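Reminder that position 82 of the sequence shown reads as 80 in the working numbering, one-by-one numbering, no gaps.
Note that beta-carbon positions come from the ideal geometry of N, C-alpha and C, so glycine has one too.
Predicted, not measured: the structure shown is a model, and the values here were computed from it.
Heads up, the thing below is written out as structure tokens.
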Amino acid sequence: MFTLYGRGWCHLCDDMRDALAPVAAEFGVAIDYVDIDTDAALVARYDEDVPVLLLDGAQVCRHRFDDARVRDALAARRDAGTPPAGAALHGA
């Protein structure tokens, strides 16, 4: 699963979310968008570093979407046999 940490007023966060959506759909990976302003601990951790994109808990991008890096991470995930995020939910 992708986790995208951002802020509601952050245009870079909007840009990353827009760029990520078609790639996530192509690979069948869910996106969890987290507004850090709803959690003081997340603000302390990320503050001005947003957007931050994680794939299965590992950071993939920060500030700008890197298509090649995201696709490489998704390919490595696929090659390791990690099922799409939705697949695990259906079997639960």
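| query | result |
| --- | --- |
| Quick check: residue 14 and residue 53, are their CB atoms within less than 9 Å of each other? | no |
| Which complete alpha helix (DSSP H) runs does the segment 1 to 84 hold, if anything under 4 residues is left out? | 9 to 25, 38 to 44 and 65 to 77 |
| Compute the Euclidean distance between the alpha carbons of residue 20 and residue 7, then round it to the nearest angstrom. | 22 Å |
| Between the alpha carbons of residue 69 and residue 79, how many angstroms are there, rounded? | 15 Å |
| Rounded to a whole number of angstroms, what is the C-alpha to C-alpha distance between residue 45 and residue 34? | 8 Å |
| Output needed for residue 25: all residues of its chain with C-beta closer than 6 Å, excluding positions within five of it in sequence on either side, in chain order. | 72 |
| Measure how close the beta-carbons of residue 40 and residue 18 come, nearest whole angstrom, since I'm counting them as under 8 Å. | The pair is not a contact, with the Cβ atoms about 19 Å apart (cut-off 8 Å). |
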